[in-house]
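Participant: I'd like to ask some things about the structure below.
Numbering (the numbering used here), first residue to last: 918 to 1232.
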């Protein structure tokens, strides 16, 4: 029996990444039109036969979050109604991931709501990269593959530029496990920032735990939003006597004053993946470097499609 081809579609959130993934898999992107009516409603038209095919939609739910999420849901519905055999939502950046629990009375758990919407739209499997909260996997009753960008950072950046004398820094207590994984793979030391957050999108660095004197330091985080945490951490590291400070983060959200803060900070370089498509302003920054996760996602899709194990990509 003939092997069914890999069928990859993309919305408007990050077509460049989807194109790279298609090249990795040596397959063309599926033909679809995702557009807006004059009243801003989203419309999707799948322009090829997908009956009986396993379909993969590449669509980060980054800013504009609601537009990109609705695009994904509407595309899934269109593909389900077109009799696709299965629909895998490849969501490099999972929007609403920070709303994973009730933080006060009468507040939503929007991460769970998004999970329910995805399943209701026809999604049969989800692939994500470096979730802000790993427990989001438990919001789904369908297969969920949670990938990590660590191997990409190691092979494309860290192993060429740093050695065991480097110190990896966690910007808060919640990121220690992630940062420890980086330090172990490079055989380097670990430091931690003790941080107090006064209100949303505003953070204050309080204390540096660990020896960074005369060392190159790399701050590791899953995402950079307004860059307040990152830049305060960088100043704390430099105040601790570090020689230079860099940053690695999987998701470059880079909203609001992020770019200006990074430009004015002591950070030598900030390295992020292309899970979120950069704006023209961000592309022009000499401090921000992008590395691609297309090979990681392409390999995950290949293994899923061939019913091979994906677990080795989780480490």
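Quick reminder that beta carbons are idealized off the backbone N, C-alpha and C, glycines included. This structure is a prediction, so every number in the text was calculated from the model and none was measured.
Terminal residues of the continuous alpha helix (DSSP H) containing residue 1220?
Facilitator: 1211 to 1222
Participant: Are the C-beta of residue 1003 and some C-beta of chain D separated by less than 8 Å?
Facilitator: This model lacks chain D altogether; it includes just one protein chain.
Participant: Alpha carbon to alpha carbon, what distance is there between residue 1198 and residue 974?
Facilitator: 27 Å
Participant: Can you tell which of 1007, 1112, 1144, 951 has the C-alpha that lies nearest to the C-alpha of residue 962?
Facilitator: If you compare the alpha carbons of 1007, 1112, 1144, 951 with that of residue 962, the shortest gap goes to 951.
Participant: If you count every other CB in all the chains shown that lies within 10 Å of the CB of residue 919, and 16 or more means buried, which is it?
Facilitator: Low confidence applies to residue 919: its pLDDT is 48, below 50, so where it sits in the model is not reliable, and the reading given next is rough at best. Classification for residue 919: exposed.
Participant: Measuring alpha carbon to alpha carbon, tell me which residue in 971, 943, 956, 964 is nearest residue 1224.
Facilitator: 971
Participant: Apart from the five residues just before and just after residue 1175, which ones in its own chain have a Cβ nearer than 6 Å to its Cβ?
Facilitator: 1143, 1144
Participant: At a cut of 8 Å, does the region 1077 to 1087 reach the region 1122 to 1138 through at least three beta carbon pairs?
Facilitator: yes
Participant: In three-state DSSP terms, what is residue 1193?
Facilitator: coil
Participant: Given this structure, state the Cα-to-Cα distance separating residue 929 from residue 985, to the nearest angstrom.
Facilitator: 7 Å
Participant: Would you kindly work out how many angstroms separate the C-alpha atoms of residue 1005 and residue 1019, rounded to a whole number?
Facilitator: Roughly 28 Å separates the two Cα atoms.
Participant: How about residue 1046 and residue 1009: do their beta carbons lie closer than 8 Å?
Facilitator: Yes, the pair counts as a contact, with Cβ atoms nearer than the cut-off.
Participant: Could you tell me which of 1043, 1093, 1164 sits nearest to residue 1208, measuring between CA atoms?
Facilitator: 1164
Participant: Helix, strand or coil, according to DSSP, for residue 1122 in the structure here?
Facilitator: Annotation note: pLDDT 45 at residue 1122 (below 50); position unreliable, coordinate value reported separately. Residue 1122: strand per DSSP, three-state reduction.
Participant: Please classify residue 1058 as buried or exposed, where buried requires at least 16 other C-beta atoms within 10 Å of its C-beta.
Facilitator: exposed
Participant: Is residue 1122 buried or exposed, if buried means 16 or more other CB atoms sit within 10 Å of its CB?
Facilitator: Bear in mind that a pLDDT of 45 at residue 1122, under 50, signals an unreliable position, so the model cannot answer this.
Participant: Shortest alpha-carbon distance to residue 1139 belongs to which of 1156, 1111, 1227, 1015?
Facilitator: 1015
Participant: State the start and end residues of the unbroken alpha helix (DSSP H) segment that holds residue 994.
Facilitator: 982 to 998
Participant: For residue 1103, which residues of its own chain have a beta-carbon under 8 Å away from its beta-carbon, when the five flanking residues on both sides are left out?
Facilitator: 1071, 1075, 1076, 1079, 1080, 1081, 1083, 1085
Participant: Return helix, strand or coil for residue 1176, following the three-state DSSP convention.
Facilitator: helix
Participant: Does the beta-carbon distance from residue 1205 to residue 1189 come in below 8 Å?
Facilitator: yes
Participant: Going by CA-CA distance only, name the one from 943, 1028, 1012 that's closest to residue 1168.
Facilitator: 1012
Participant: Just list the alpha helix (DSSP H) runs in the region 1024 to 1074, keeping only unbroken ones of 4 residues or longer that don't cross its boundaries, in chain order.
Facilitator: Runs of the alpha helix (DSSP H) spanning 4 or more residues and lying entirely within the region 1024 to 1074 occur at 1027 to 1038, 1067 to 1070, in chain order.
Participant: From residue 1154 to residue 1088, what distance separates their C-alpha atoms?
Facilitator: In a straight line, the C-alpha of residue 1154 is about 10 Å away from that of residue 1088.
Participant: Looking at the unbroken beta strand (DSSP E) that takes in residue 1206, where does it start and where does it end?
Facilitator: 1205 to 1208
Participant: Near residue 1173, which residues of its chain fall below 6 Å by C-beta distance, leaving aside the five closest residues on each side in sequence?
Facilitator: 1143
Participant: Work out the CA separation of residue 990 and residue 1034 for me, nearest whole Å.
Facilitator: 7 Å
Participant: Could you tell me which residues DSSP pairs with residue 1169 in its beta bridges?
Facilitator: Per DSSP, 1141.
Participant: Alpha carbon to alpha carbon, how far is residue 981 from residue 987? Give it in angstroms, no decimals.
Facilitator: 10 Å
Participant: Between which two residues does the beta strand (DSSP E) harbouring residue 949 extend?
Facilitator: Its beta strand (DSSP E) spans residues 949 to 953.
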